[in-house]
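These notes concern the structure reproduced below.
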Amino acid sequence: MVTAKSLSEEIVDALELGANDYVTKPIDFPVALARIRTLLSHKRAKEALRESEERYALAVLGANDGLWDWDLKADKLYYSPRWKSMLGYKENEIGNGPSEWFNRIHPEDIERVKTDLASHLKQMTPHYENEHRMLHKDGAYRWMLSRGIGVRGSDGKATRMAGSQTDITEGKVADALTGLPNRVLFMDRLGHAMERAKYSENHLFAVFFLDLDRFKVVNDSLAHLMGDQLLIATARRLKACLHSADTVARLGGDEFTILLEEIKQVSDATRLAERIQKELAMPFNLHGHEVFTTASIGIALSEPSYKRPEDLLRNADTAMYRAKALGKARYEVFDTAMRDRAIARLQLENDLRRAVERQEFRVHYQVIVSLATGQICGFEALVRWDHPTRGLVYPAEFIPVAEETGLIIPIGQWVLQEACRQTKQWQERYPDLPLMVCVNFSSKQFMQPGLVNQINQVLEETGLNASSLKLELTESLIMDNAESSCALLQQLKELDIRLGIDDFGTGYSSLSYLHYFPIDTLKIDRSFIKRIGVDEENSEIVRTIITLAHNLGVDVIAEGVETAQQLARLQELKCEYGQGYFFSHPAVGEVAEALIRMRQQWKMGQKAS
């Protein structure tokens, strides 16, 4: 504005009407030009600021984030409209205090949030960042990612802190592979179902815990990519079995859970389990590969005694493991007996771990007798657990747990060491008897790295000749991976260790495969020996096994010989060795040695009546 007026009131009026500056007449052109340049510079800066603010506003809008600005001195917090709407609130429904934020954070997360905030304010971190759950107006929790940075004065102390809030619920509650809800969302929905059940006596629901049988075989044989495709296809089939109100989730691996809402009776749950079994039994076509799978399902029904979602899910899991134990490809409904068994099993596992540390195991020896001479030719080493309060615990009870937990490795190593040591001692005391020892090996023992070296080391430490040791393996163990088994057996054979197949006839080995393996002995399972001489068809099976073994140049041990009639029939069939209660029960080393010392010899030649 150019003016000849000099009254301040008139100049003020002009500025209030929109003038930015003024010069008076007569015009001082250098001053006027300087003022014009300054005004143009201010205008450009203002436009740049406006454009920057517009870009920032668009970025915030595009990111769909909420903003917050905390005046630390006044302890006031500004929450943007988007921040409030993320939690289901209108602009006027949330105040400007920190409590509006902190009081809505999940109780399990609040301490982490406060710790992370304090760490940043103390300059221990370059910025603040935390993932936590916030309570929505609808009563559910949403996952939020909160970020911020402090504004500090010259003394380094923060006077203000500003940041953003991003809703990350979808990424937190969805399984990345299948798109199904994950554990977080499933547990949230299960918790809500339990809340509804509190206020309605007739509100019954069920939780399914489902695990694919032999999924590892698919993964290992067809690669992980194919395993992922199987999981995706399984998820689709499970969803197709449910109503929209129900929830199917993937917990991880090949484990799925189902929340079956508002069932009227138990049969509603079991019918769904049967339908799922039927659907999953249909072949999957995965990139030209036809894949078959089944599922083991555990079911837990809602009841007022449940206080936490975790308890209900745990019981469904327990029922699923029961289904696995009973043969897989089936479902089981949880009952309290299962819980008692689960608790007992957990106690057994804990005791078993301590037993390894405390060396509570004992080796019992059962004689192996020549059916031609009646003389002792060796022993089978059998592990027993001398429990400090329960007394003697038999393998059938603790070996499956030892297998599952991996404790079978140290237990088996100790049995091998002790059996070799004892046999060497007997050989030195009774050099006229050609004694040998049989030791059972489980699949976990057999497949452990460095097995051949470990066995060789035991033989060197105990001084036992390799030919005096026989390792007994089951059919299924060898046939699970015939090629690698054959290579490993060949390495053991090169050490002059003897090899036997235990419980022959109960597995699934093809008889045509037997000649590929460097086997010295077949041990016929006791289930066949039990009816020999009584059931002629059974006798023919035993005859066939013995004939096959002899044709392959392999000796035969009959396991479970208990009567003179069985013994006589086995002699007729030219079976070389026998083992069972007819000769001796498994016994501690001192008792077994007494049989050796007395030169115990059983009379042979009894004929079946």
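For the sequence shown, the residue numbers in numbering that gives the first Met the number 0 are 0 to 608.
Glycine included, every Cβ here is placed at the ideal spot set by N, Cα and C.
Which term fits residue i, buried or exposed, when burial requires 16 or more other beta carbons within 10 angstroms of its beta carbon?
i, result
"Q421", "buried"
"N452", "exposed"
"V590", "exposed"
"Y127", "buried"
"G552", "exposed"
"K423", "buried"
"Y140", "buried"
"D154", "exposed"
"L569", "buried"
"V150", "exposed"
"F333", "buried"
"H131", "buried"
"P430", "exposed"
"F101", "exposed"
"V541", "buried"
"A239", "exposed"
"L325", "exposed"
"Y198", "exposed"
"S220", "exposed"
Could you check which residue in the options has the C-alpha nearest to that of residue i?
i, options, result
"Q426", "S583, G226, G390, E592", "E592"
"D502", "I477, S483, D68", "I477"
"R81", "D166, H242, M281", "D166"
"L66", "K75, P29, R146, R103", "R146"
"R530", "H386, E558, E200", "E558"
"H288", "F185, M225, I296", "M225"
"L211", "A234, P29, G190", "A234"
"D253", "C240, L176, N349, E402", "L176"
"A322", "F208, V414, T114, Q456", "F208"
"R249", "L229, G499, A268, D339", "L229"
"A232", "M281, A222, A244", "M281"
"R525", "V555, T404, K83, G152", "V555"
"M143", "L179, D64, N95, H119", "D64"
"P106", "H363, L134, L120", "L134"
"E194", "G138, P585, R159, L39", "G138"
"M319", "H363, N284, F255", "F255"
"D74", "M85, N95, H386", "N95"
Just grab the DSSP bridge partners of residue i for me.
i, result
"G138", "Per DSSP, none; premise fails for G138."
"Y364", "A380, A586"
"W601", "Note: W601 sits in no beta bridge, so no partner."
"W69", "L76, M160"
"F503", "I523"
"G297", "F208, E331"
"V555", "L521"
"Y576", "S369, I556"
"H386", "G390"
"Q374", "Q600"
"R353", "For R353, which the question treats as bridged, DSSP gives no partner whatsoever."
"F255", "L209, R249"
"K469", "C437, R497"
"R151", "A157"
Less than 8 Å between CB atoms is the rule here; does residue i satisfy it with respect to chain C?
i, result
"D70", "Protein chain content of the structure displayed is limited to a single chain, and chain C is not contained in it."
So for residue i, helix, strand or coil by DSSP?
i, result
"A244", "coil"
"S610", "Nothing can be reported for residue 610, as the shown portion of the chain is limited to 0 through 608."
"E592", "helix"
"G178", "coil"
"G411", "helix"
"D210", "strand"
"M193", "helix"
"N284", "strand"
"F440", "coil"
"H105", "coil"
"T546", "helix"
"G449", "coil"
"T124", "coil"
"R638", "Absent from the model: residue 638. The displayed extent of the chain is 0 to 608, so no value can be given."
"K606", "Low local confidence applies: a pLDDT of 40 at K606 is under 50, so the model's placement there is unreliable, with the coordinate-based value given in what follows. In the structure shown, K606 sits in coil (DSSP, three-state: anything other than H, G, I, E or B)."
"V290", "strand"
"L347", "helix"
"H514", "helix"
"S145", "strand"
Contact the stretch 258-266 vs the stretch 304-313: 3+ CB pairs below 8 Å: no
Cβ contact (3+ pairs, closer than 8 Å) linking the stretch 428-437 and the stretch 466-476: yes
Inter-stretch contact at 8 Å, needing at least 3 Cβ pairs: the stretch 71-80 / the stretch 158-174: yes
contact_flag[the stretch 367-381, the stretch 322-337] where n(CB pairs < 8 Å) is 3 or more: no
The stretch 403-410 in contact with the stretch 348-356 per 3-pair CB rule at 8 Å: yes
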